[in-house]
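The sequence shown begins at 987 in our numbering and counts up one residue at a time. Take a look at the structure set out below.
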Amino acid sequence: MCAVGNDRLRNDRQRKTIDRLTRWLTRAHGADPGWDALVLDVLSVGRDVRLQVREVRGGATVLHPVDAAGLRSAPRRMARALQEDYADLVDGTWLSATLIVTVAERRWSRPGVELILNYDDEPLLPAHAPHPVAPEEYRRHLHRYRRMDRRIPGWLRDRVAGAGLDVPER
């Protein structure tokens, strides 16, 4: 896992994508005042994109599935853009990401924003996920975002190879 604060962004494009995703999250799911945090969980592997929002109020958390179906879906496009922003020739890109927007002890006009990127661990499925990620989608992900051989986690290599598929690597 890799936590990325606004002060550790590599370029302006990443900052702009995170800002757009944060604005979408707070506008689409933060209209009711009183929340302490909005958490966007993103799983993006191959063509499989799944999103959920966790709204934290006091000690309670409410889950909201996000419809990411269709190529024209705004949250889907922004998640894909974020994935592209972090792609490189050694690590490929992340498999899942968590965007956390907090307002506890802060003014509403300046929320705290944290991004956590998962390159290596098997991504957790959103609570509403109807099925696991197919090995073919992991293969598509590795084909699109090539990684150095040593950077492909064992569980990912096993999942793809176990389905009789080749494991794309650099």
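Note that the Cβ used here is the ideal one computed from N, Cα and C, for glycine as well.
**Request:** Go ahead and label D1005 buried or exposed: buried means 16 or more other beta carbons lie within 10 angstroms of its beta carbon, across all protein chains shown.
**Result:** Mapped onto the sequence shown, residue 1005 falls at position 19. Looking at its Cβ environment, which holds fewer than 16 other Cβ atoms inside 10 Å, D1005 is exposed.
**Asked** Which of the three DSSP states, helix, strand or coil, is assigned to G991?
**Response** Working through the sequence shown from its first residue, we reach residue 991 at position 5. Because G991 carries a pLDDT of 49, less than 50, the predicted location of this residue cannot be relied on, and the following value inherits that uncertainty. Of the three classes helix, strand and coil, the one that applies to G991 here is coil, per DSSP.
**Prompt:** Terminal residues of the continuous alpha helix (DSSP H) containing I1138?
**Reply:** Position 152 of the sequence shown, counted from the start, is the residue given in the question as residue 1138. Here I1138 belongs to no alpha helix (DSSP H), and DSSP marks it neither H nor E.
**Asked** Taking buried to mean at least 16 other C-beta atoms within 10 Å of its own C-beta, is M1064 buried or exposed?
**Response** As a working mapping, residue 1064 is identified with position 78 in the sequence shown. Buried, because 16 or more other Cβ atoms sit within 10 Å of the Cβ of M1064.
**alpha helix (DSSP H) runs wholly inside the segment 1045–1073, at least 4 long, in chain order** = 1060–1071
**Item:** Of the listed residues Q1038, G1078 and V1146, nearest to Y1124 (C-alpha basis)
**Value:** For this step, residue 1124 is matched to residue 138 along the sequence shown. Checking every option, the nearest Cα to that of Y1124 belongs to V1146.
**Message:** Let's test the definition: count the other Cβ atoms within 10 Å of the Cβ of D1152 and tell me whether it reaches 16, buried, or not, exposed.
**Reply:** As a working mapping, residue 1152 is identified with position 166 in the sequence shown. By the 10 Å Cβ count, D1152 comes out exposed.
**Message:** Assuming T1079 is part of the alpha helix (DSSP H), what are its boundary residues?
**Reply:** Within the sequence shown, the letter at position 93 stands for residue 1079. Counting along the chain, T1079 falls outside any alpha helix (DSSP H), and DSSP gives it neither H nor E.
**Message:** Our contact map puts S1082 next to P1109 with C-beta atoms below 8 Å; I'd like the distance itself, whole angstroms only.
**Reply:** Here residue 1082 is taken as the residue at index 96 of the sequence shown, counted from 1. Here residue 1109 is taken as the residue at index 123 of the sequence shown, counted from 1. Rounded, the Cβ-Cβ distance is 4 Å, consistent with contact.
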